[in-house]
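Q:
Chains as they are written, first to last, in the working numbering: chain E, 326 to 586; chain C, 305 to 521.
(1) In whole angstroms, give me the CA-to-CA distance for residue 419/E and residue 446/E.
(2) Suppose you measure from the CA of residue 469/E to the CA of residue 487/E; what does that come to, to the nearest Å?
(3) For residue 431/E and residue 324/C, what's the separation of their Cα atoms in angstroms?
(4) Which same chain residues, not among the five before or five after residue 510/C, have their C-beta less than 7 angstroms away from its C-beta?
(5) How about residue 419/E: is its C-beta nearer than 8 angstroms to some C-beta of chain C?
(6) Hey, is residue 352/E's beta-carbon within less than 8 angstroms of any beta-carbon in chain C?
(7) Do the CB positions of residue 505/C and residue 493/C come within less than 8 angstroms of each other?
(8) Which of the residues in the region 466-490 of chain C, read from start to end, lie with their CB under 7 angstroms from any CB of chain E?
(9) Can you give, in chain order, each stretch of the alpha helix (DSSP H) that sits fully within the region 438-495 of chain C and has at least 4 residues?
(10) Of the choices 514/E, 503/E, 387/E, whose alpha-carbon is the least far from that of residue 376/C?
(11) Exposed or buried, which one is residue 459/E when buried takes at least 16 other CB atoms within 10 Å?
(12) Is it true that the CB of residue 411/C sits closer than 8 angstroms to the CB of residue 423/C?
(13) Taking the alpha-carbon positions, what's the residue 457/C to residue 401/C distance?
(14) Are three or more beta carbon pairs between the region 375-395 of chain C and the region 423-441 of chain C nearer than 8 angstroms?
(15) Starting from the beta carbon of residue 426/E, find every residue of chain C whose beta carbon is closer than 8 angstroms, and list them in chain order.
(16) What alpha helix (DSSP H) runs, 4 residues minimum, are completely inside the region 369-426 of chain C?
(17) Answer with yes or no whether the minimum CB distance from residue 516/C to chain E is below 8 angstroms.
(18) What are the start and end residues of the alpha helix (DSSP H) that includes residue 481/E?
(19) Within 8 angstroms (strictly less), CB to CB, does residue 348/E reach chain C?
(20) Check whether the region 359-369 of chain E and the region 388-405 of chain E are in contact - that is, three or more C-beta pairs closer than 8 angstroms.
(21) I'd like to know whether the C-beta atoms of residue 425/E and residue 548/E end up nearer to each other than 8 angstroms.
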């Protein structure tokens, strides 16, 4: 409670300071004590192994990565969890300085956001229930139901598949809901980023899910920032570069995934 | 970037479709909710302690848990345990009916209790059974007093359908979210979604007001 109060009060103070301060229109606010710049990053906290909650703390590849970058570049990070579909609109609305949430870089998103250099290649996979033998590839989707998460590249892909093969698409707010949908048999298939679904199956054998077919594409994840925030974009790129050079990047990836990418 | 006008025109058919689903679910849910409400409302005014207990437990439980939890419980929680399949629309209607039913039960109870005791006594002394007295004397008077509360619940339930977006029902809210997640035009789409909800509820209010006038005669 005290912590929350402190966060709220210091946030308000910081806002006031930046509002009547230099007058430069920067989304970043300066915190009093350290003098370091603080950035607020949105994330989707239900997306292991990239971001999830463990023992009351946010962990995962994305979280470790952004914290490591912040350390290298000397800024502070505040993580704000939300529904994935709300993240990009929140950056657009300047509620967030940026977002790291396994966000695939694509042209449509590039129109409204700027991205860091790609930091991970994910790619989409078809996921069905263990006992499903009828779906082995996208050509088997005719007349089937696809569960998907709103605002993802998987959703865009599902839309196209739906039109192409005559499948129904159902939209959910988070990954656990769409997985449950397939487990319960209310949808035949879902589409998810390969590392996320392989992690889920590895840590949760009770999930009754399996991956079928090849990866459908080769999307790259990037860290999103407010359009035109060159300063933050540069910091992220330089931080990423340093982490890749000093081996910290591989270390983080290997902590959560045993395969080196 | 395309103009706001184009964005809205593109979205209209999808949002209109979503509104139809919203209205359908509202009407069906309220139909069942009325039956549930009447049943539990009568039970809670009955002389039997057991019936009263059941009604109280129902109302307390459904009113004491958030609708969102009830939706998740019915749709995601029950099927694996009971080994059944509940389609999303069925689950949504079930959750909304059970929930609104609890509130309507209280409205019925309040309405019935608001009718003077003498009415029942007079009806009984004229030789009517308790059931007949309830049906012919008490309820017609009570229902008239309940209309404003009914309308209120109608509006609340219509707005509550927006929670069904979490289980993938493509009602108005879900349609809005899908559109925004691909075109990122929050301002225009939420504005239209708000107008659609407002129009549905406004038309309902007008209808109910004319209904109220007819009944009041």
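A virtual CB, placed ideally from N, CA and C, is assigned to each residue, including glycine.
A: Based on what the coordinates show:
(1) Within the first chain, the letter at position 94 stands for residue 419/E. Within the first chain, the letter at position 121 stands for residue 446/E. Rounded to whole angstroms, residue 419/E and residue 446/E show a C-alpha spacing of 27 angstroms.
(2) Residue mapping note: residue 469/E aligns to position 144 of the first chain, counting from 1. Residue mapping note: residue 487/E aligns to position 162 of the first chain, counting from 1. In a straight line, the C-alpha of residue 469/E is about 9 angstroms away from that of residue 487/E.
(3) Translated into the one-based positions of the first chain, residue 431/E becomes position 106. Translated into the one-based positions of the second chain, residue 324/C becomes position 20. Their Cα atoms are separated by approximately 33 angstroms.
(4) As a first step, residue 510/C must be located in the second chain, where it is residue number 206. The answer is none, since no qualifying residue turns up.
(5) Residue numbering aside, residue 419/E sits at position 94 when the first chain is read from its first letter. Nearest CB-CB separation between residue 419/E and chain C: not below the 8 angstroms threshold.
(6) By one-based count along the first chain, residue 352/E stands at place 27. Bear in mind that the predicted position of residue 352/E carries a pLDDT of just 43, short of 50, making it too unreliable to give a figure here.
(7) Locating residue 505/C in the second chain gives position 201, where the first residue counts as 1. Locating residue 493/C in the second chain gives position 189, where the first residue counts as 1. No. Outside cutoff.
(8) Hits within the stretch, in order: 470, 472, 478, 481, 482, 484, 485, 486, 488, 490.
(9) With a minimum length of 4 residues, the continuous alpha helix (DSSP H) runs that stay inside the region 438-495 of chain C are 443-464, 476-487.
(10) On the second chain, residue 376/C is found 72 positions in, with the first residue counted as 1. The shortest Cα separation from residue 376/C among 514/E, 503/E, 387/E belongs to 503/E.
(11) If you number the first chain from 1, residue 459/E lands on position 134. Around the beta-carbon of residue 459/E, fewer than 16 other beta-carbon atoms lie within 10 Å, marking it exposed.
(12) Position 119 of the second chain, counted from the start, is the residue given in the question as residue 423/C. Position 107 of the second chain, counted from the start, is the residue given in the question as residue 411/C. With respect to the 8 angstroms criterion, residue 423/C and residue 411/C are not classified as neighbours on the basis of their beta carbons.
(13) In the second chain, the residue the question calls residue 457/C occupies position 153. In the second chain, the residue the question calls residue 401/C occupies position 97. Roughly 11 angstroms between the two C-alpha positions.
(14) As far as the Cβ criterion goes, the region 375-395 of chain C does not touch the region 423-441 of chain C, which means the pair count is below three.
(15) Position 101 of the first chain, counted from the start, is the residue given in the question as residue 426/E. Near residue 426/E there are no residues of chain C at all, since even the closest Cβ is about 13 angstroms away, more than 8 angstroms.
(16) You should have 371-376, 382-386, 392-418.
(17) The residue given as residue 516/C occupies position 212 in the second chain. Not an interface residue.
(18) Numbered from its first residue, the first chain carries residue 481/E at position 156. DSSP places residue 481/E in the uninterrupted alpha helix (DSSP H) bounded by 478-490.
(19) As a working note, residue 348/E is residue 23 in the first chain. Reliability fails at residue 348/E, whose pLDDT of 37 lies under 50, so the model's placement of it is uncertain and no value is given.
(20) Yes: the two stretches touch, three or more of their Cβ pairs being nearer than 8 angstroms.
(21) In the first chain, counting from the first residue as 1, residue 425/E sits at position 100. In the first chain, counting from the first residue as 1, residue 548/E sits at position 223. Contact flag set, yes.
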